[in-house]
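Chain order of the listed sequences is A and B.
The UniProt record's numbering numbers the first residue of the first sequence as 1 and each following residue consecutively.
The UniProt record's numbering numbers the first residue of the second sequence as 1 and each following residue consecutively.
Number of protein chains: 2
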Amino acid sequence: MNLSVAEENYIKAIYKLQEGEQAVTTNALAYELETKPASVTDMAKKLKEKKLISYEKYQGITLSPEGRKTALQVVRRHRLWECFLVDKLSFSWEEVHELAEELEHVRSEKLISRLSDFLGNPVIDPHGDPIPDANGRMAKPRPQTSLDQANARRLVVTAVSDQSSALLAFLNAKSIKLGTQLEIIAHYEFDNSIEIKVKHQPAITISEQVAKNIMVRPL
Amino acid sequence: MNLSVAEENYIKAIYKLQEGEQAVTTNALAYELETKPASVTDMAKKLKEKKLISYEKYQGITLSPEGRKTALQVVRRHRLWECFLVDKLSFSWEEVHELAEELEHVRSEKLISRLSDFLGNPVIDPHGDPIPDANGRMAKPRPQTSLDQANARRLVVTAVSDQSSALLAFLNAKSIKLGTQLEIIAHYEFDNSIEIKVKHQPAITISEQVAKNIMVRPL
DNA sequence: GAAATTATTTAAGTTTGTCTAAATAATAAT
DNA sequence: ATTATTATTTAGACAAACTTAAATAATTTC
Ligand SMILES: [Mn+2]
Ligand SMILES: [Mn+2]
Ligand SMILES: [Mn+2]
Ligand SMILES: [Mn+2]
C-alpha cells in the first residue's frame with residue numbers, strides 16, 4: 001500500500017493517541033495534527049476505505065491490524081533517524097523531533113535496515129522511547145512511572161513523555177537527561193510541585209506539569 | 001523563500017539542463033521530470049512569479065541568480081546524502097540516486113552542514129560530481145572529456161554523466177568505477193564503439209552510448 | 001513562401017489535502 | 001426532559017500539481 005506523507009502522519013498520530021484501547025476522537029486528532037476536525041473526518045473516510053482504520057460516524061477511530069503495522073514502521077523510521085541525528089550528527093534531543101518528522105517519510109526498507117545496522121540496532125531513541133524492529137516488535141519497556149507518581153525515593157530517568165523543545169530545554173538547563181539519577185526531597189501539596197536533587201547539583205523544585213512528563217523507575 | 005518539493009525538483013532539473021547558457025525548453029523539462037509539457041508551462045508561470053526563473057512565452061526557461069542559488073542548495077543536499085549512503089551505509093552507486101531524490105528535500109541548513117562535517121566535507125559525490133559548499137561554490141572540476149572524445153591512450157575514470165542504474169550496473173559488471181584506469185585499444189568507425197582494457201581484465205568493446213557517459217582525463 | 005510538422009500554451013477537469021460555515025448528533029446542565 | 005453546549009459531519013470552495021484535448025505559435029520542409 002502506498003501512502004502519502006499526510007496519510008502516514010495521520011496513522012502515526014492515531015497510534016500515538018490510541019494508548020491502550022480507547023478510540024481516538026476527531027477533535028483530539030485534529031489538535032494533534034494541527035488541522036481542523038473537518039479535515040480529520042475527510043481523512044478518516046479515506047483511511048477506512050484503505051482498511052487502515054476502523055471508523056464509524058461519531059464513534060471515533062481505531063487502527064486496524066494493517067494500520068498498526070504501518071504506524072509501527074513509521075515510528076521505527078522516526079526513532080532511528082532521531083538516533084542518527086543525536087549519535088552521529090551530535091544534535092541535542094530537543095532538536096531532532098522536527099527533522100525526524102520529515103525523514104521518517106522516506107520509505108525504503110533497505111535504507112532503514114542499513115541505518116539501523118549502522119547505529120548498532122538501537123532499541124531506544126534519544127527520548128527513551130522503544131524502537132520497533134523490522135517486524136514491528138519492540139522491547140517491552142521496563143516498568144516506569146511518571147515522576148509525580150513515583151513512590152521510591154531514589155530514581156533514574158528513563159524517558160520523557162512530552163517531547164516539546166520547551167520541556168527538553170528546561171531539562172537541559174537542569175542537567176536532567178536519560179539515565180540521570182535523582183532523589184525526591186519533598187512533595188508540596190499546595191501545587192503538587194516536587195523538590196528533587198541531582199547529584200552535584202543544588203536541589204530544585206519542579207512543577208507538577210514537568211513531573212508528569214518525566215518517566216522514572218526506582219534505582 | 002519556502003518551496004514545495006515539486007518546485008525544488010523543477011529548479012534542480014532546470015539547473016541540470018541549463019548547462020552553459022542556453023534556455024531550457026518546455027519539452028526537455030517535461031521529459032526530464034517525467035511530466036507533461038502543459039504542467040511545465042503552469043509551473044514556469046509560478047516560478048517566474050517567485051523570481052526563480054526568467055521565462056517568456058515560447059522563449060524557454062533560465063534560472064535567475066536566486067534560482068541558481070536554490071538549485072545549488074538542492075544539489076548540495078542531494079550529493080551529500082549520496083555520499084552518506086555510499087560511505088556510511090554501504091549502498092552501491094547505482095542505488096543512491098533515487099533515495100537522495102527524496103532526502104534532498106529535507107530542508108535544514110544545520111542538518112546539512114553537520115552531515116557534511118560527519119562525512120569529512122567531501123567535494124565529489126559517488127558519481128564523480130562536485131558538491132557545492134554552503135555558499136554554493138564548488139571545486140572547478142578538473143578538465144575531463146567523455147570517453148568517446150578522449151584523445152589520450154591511457155585514461156582514468158573521473159565521473160559518469162548518466163546516472164541511471166542501467167548504466168551503473170553495466171559498469172559494475174565490467175569493474176569500471178571512479179578512479180579506474182583504462183587504456184583505449186581501438187576505435188571502430190562502423191558504430192563508434194571503443195575497445196578498452198582495464199588492468200587484470202579482458203579487453204571489452206563498449207558502445208558509443210556507454211562511452212559518451214563515461215568521463216575521463218588523461219592519466 | 002506556403003504547407004506540414006513540431007513545440008508550446010490554453011482550457012477544462014481531476015486528485016489530494018486543506019479550509020470555513022452551516023447542519024446535525026451527542027452530551028451536559030438545569 | 002428540555003435546553004444549552006460541545007463534538008462531529010456535511011457542503012461548498014480553494015490551492016497545488018497534475019492530466020488530456022484543443023488551439024496557437026514556431027520551425028522545417030519542399
Ligand atoms: Mn511526519
Ligand atoms: Mn523520540
Ligand atoms: Mn527530488
Ligand atoms: Mn550523484
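Note that the Cβ used here is the ideal one computed from N, Cα and C, for glycine as well.
Problem - Option in 45/B, 200/B, 68/B, 216/B with minimal Cα separation from residue 59/B - result: Locating residue 59/B in the second sequence gives position 59, where the first residue counts as 1. When only C-alpha atoms are compared, the closest one is 45/B.
Handout entry: the UniProt domain "HTH dtxR-type" (1-64) of chain A: positions lying closer than 9 Å to chain B by Cβ
Key = Cβ contacts with chain B: none found.
Handout entry: Option in 150/A, 208/A, 166/A, 109/A with minimal Cα separation from residue 218/A
Key = Your numbering for residue 218/A matches position 218 in the first sequence. Out of 150/A, 208/A, 166/A, 109/A, 150/A has the C-alpha closest to the C-alpha of residue 218/A.
Exercise for the section: Give a single yes or no on whether residue 79/B has its beta carbon closer than 7 Å to a heavy atom of ligand 4. Expected result: Walking along the second sequence from the start, residue 79/B turns up at place 79. Result yes, Cβ under 7 Å from ligand 4.
Handout entry: Endpoints, the alpha helix (DSSP H) within which residue 13/A is located
Key = Working through the first sequence from its first residue, we reach residue 13/A at position 13. The continuous alpha helix (DSSP H) containing residue 13/A extends over residues 5-17.
Problem - Cβ-based burial, residue 117/B [other Cβ within 10 Å; buried from 16] - result: Numbered from 1 along the second sequence, position 117 holds the residue referred to as residue 117/B. Residue 117/B should be labelled exposed.
Exercise for the section: For residue 103/B, return the contacting residues in chain A, with the cut-off set at a CB-CB distance below 8 Å. Expected result: In the second sequence, the residue the question calls residue 103/B occupies position 103. Here the neighbours are 103, 106.
Problem - Residue list, Cβ distance to ligand 3 heavy atoms smaller than 5 Å - result: 9/B, 101/B
Handout entry: Alpha-carbon spacing of residue 129/B relative to residue 146/B, whole angstroms
Key = As a first step, residue 129/B is located in the second sequence; it is residue number 129 there, counting from the start. As a first step, residue 146/B is located in the second sequence; it is residue number 146 there, counting from the start. Residue 129/B and residue 146/B: Cα-Cα distance of roughly 14 Å.
Exercise for the section: Please name the residue in 176/B, 174/B, 181/B, 204/B whose C-alpha comes closest to that of residue 188/B. Expected result: Taking the first residue of the second sequence as 1, we reach residue 188/B at position 188. Checked all of 176/B, 174/B, 181/B, 204/B; the closest Cα to residue 188/B is 204/B.
Practice task
Kindly say whether residue 99/A, judged by its beta-carbon, lies nearer than 8 Å to any beta-carbon of chain B.
Solution key: The sequence position of residue 99/A within the first sequence is 99, counting from 1. It does; some Cβ of chain B falls within 8 Å.
Practice task
Compare the beta carbon distance of residue 24/B and residue 61/B with 8 Å and say whether it is the shorter of the two.
Solution key: Taking the second sequence and counting its residues from 1, the one referred to as residue 24/B is at position 24. Taking the second sequence and counting its residues from 1, the one referred to as residue 61/B is at position 61. Closer than 8 Å, so yes.
Problem - Residue span of the beta strand (DSSP E) that contains residue 34/A, given as start and end - result: For this step, residue 34/A is matched to residue 34 along the first sequence. No beta strand (DSSP E) holds residue 34/A; DSSP gives it neither H nor E.
Exercise for the section: Return no unless some Cβ of chain B is closer than 8 Å to the Cβ of residue 220/A. Expected result: In the structure displayed, chain A extends from 1 to 219; residue 220/A sits before or after that span and is not available.
Handout entry: Proximity winner among 169/A, 180/A, 191/A, 77/A, relative to residue 91/A (alpha-carbon distances)
Key = Reading the first sequence from its first residue, position 91 is the one you call residue 91/A. Selected option, being the one with the closest Cα: 169/A.
Exercise for the section: Pick out whichever of 36/A, 66/A, 208/A has its Cα sitting closest to the Cα of residue 48/A. Expected result: Translated into the one-based positions of the first sequence, residue 48/A becomes position 48. It is 66/A whose Cα lies nearest to the Cα of residue 48/A.
Practice task
Below 8 Å on the Cβ atoms is my guess for residue 11/A versus residue 71/A; work out the distance and round it to an integer in Å.
Solution key: Residue numbering aside, residue 11/A sits at position 11 when the first sequence is read from its first letter. Residue numbering aside, residue 71/A sits at position 71 when the first sequence is read from its first letter. Rounded, the Cβ-Cβ distance is 5 Å, consistent with contact.
Handout entry: Closest residue to residue 52/A among 110/A, 14/A, 191/A (Cα-Cα distance)
Key = Working through the first sequence from its first residue, we reach residue 52/A at position 52. Selected option, being the one with the closest Cα: 14/A.
Exercise for the section: Can you give me the start and stop residues for the alpha helix (DSSP H) that residue 187/A sits inside? Expected result: What you label residue 187/A is simply residue 187 of the first sequence in a count that begins at 1. Run containing residue 187/A: none in the alpha helix (DSSP H); it sits in the beta strand (DSSP E), 181-188.
Exercise for the section: Decide if the segment 149-167 of chain A is in contact with the segment 100-108 of chain A; the criterion is three or more beta carbon pairs, one per stretch, under 8 Å apart. Expected result: No, the segment 149-167 of chain A is not in contact with the segment 100-108 of chain A.
Exercise for the section: Using 10 angstroms around the beta-carbon of residue 211/B, count the other beta-carbons present and answer buried if the total reaches 16, otherwise exposed. Expected result: One-based indexing of the second sequence puts residue 211/B at position 211. Classification for residue 211/B: buried.
Handout entry: residue 154/A - containing beta strand (DSSP E), residue span
Key = Within the first sequence, residue 154/A is the residue found at index 154, counting from 1. From DSSP, the beta strand (DSSP E) with residue 154/A extends over 154-160.
Handout entry: DSSP bridge partner residues for residue 218/B (one or two, in chain order)
Key = Within the second sequence, numbered from 1, the residue matching residue 218/B stands at position 218. The partner list for residue 218/B (beta bridge, DSSP) reads 155/B.
Handout entry: Member of 9/B, 156/B, 22/B whose CA lies at the smallest distance from the CA of residue 35/B
Key = Within the second sequence, residue 35/B is the residue found at index 35, counting from 1. It is 9/B.
Exercise for the section: Identify, in the order they occur along the chain, each residue of the same chain with its Cβ nearer than 7 Å to the Cβ of residue 79/A, setting aside the five sequence neighbours on each side. Expected result: In the first sequence, counting from the first residue as 1, residue 79/A sits at position 79. Around residue 79/A, the same chain offers 125, 129, 131 as residues with beta carbons nearer than 7 Å, after the five sequence neighbours per side are excluded.
Practice task
May I ask whether a heavy atom of ligand 4 can be found less than 7 Å away from the beta carbon of residue 144/A?
Solution key: Working through the first sequence from its first residue, we reach residue 144/A at position 144. No, the Cβ of residue 144/A stays beyond 7 Å of every heavy atom of ligand 4.
Problem - Buried or exposed (CB count within 10 angstroms, at least 16 for buried), residue 135/B - result: In the second sequence, the residue the question calls residue 135/B occupies position 135. Exposed, by the Cβ-count rule.
Exercise for the section: Check whether the Cβ of residue 149/B lies closer than 7 Å to any heavy atom of ligand 4, and answer yes or no. Expected result: If you number the second sequence from 1, residue 149/B lands on position 149. No, since every heavy atom of ligand 4 falls outside the 7 Å radius drawn around the Cβ of residue 149/B.
Exercise for the section: On a CA-only basis, which of 179/B, 191/B, 193/B, 175/B is nearest residue 201/B? Give me that one, please. Expected result: As a working mapping, residue 201/B is identified with position 201 in the second sequence. Answer by Cα proximity: 175/B.
Problem - chain A contact residues for residue 80/B, given Cβ-Cβ distances below 9 Å - result: Here residue 80/B corresponds to residue number 80 of the second sequence, with the count starting at 1. Under the 9 Å cutoff, chain A gives no residues; its nearest Cβ is about 12 Å from residue 80/B.
Problem - Which of helix, strand or coil DSSP assigns to residue 197/A - result: As a working note, residue 197/A is residue 197 in the first sequence. DSSP places residue 197/A in strand when its eight states are reduced to three.
Practice task
Could you confirm whether any beta carbon from chain B is found closer than 8 Å to the beta carbon of residue 88/A?
Solution key: As a position in the first sequence, residue 88/A is number 88, starting the count at 1. True, the Cβ-Cβ gap to chain B drops below 8 Å.
Practice task
Using only the heavy atoms of ligand 2, determine whether one of them is closer than 7 Å to the beta carbon of residue 127/A.
Solution key: As a position in the first sequence, residue 127/A is number 127, starting the count at 1. Checking the Cβ of residue 127/A against ligand 2 gives yes.
Handout entry: N-terminal and C-terminal residue of the beta strand (DSSP E) that residue 112/A is part of
Key = The residue labelled residue 112/A in the question sits at position 112 within the first sequence. Unbroken run through residue 112/A is the alpha helix (DSSP H), 109-118; no beta strand (DSSP E).
Practice task
May I ask you to list, following chain order, the residues of the segment 118-130 of chain B that have a beta carbon less than 9 Å from some beta carbon of chain A?
Solution key: 118
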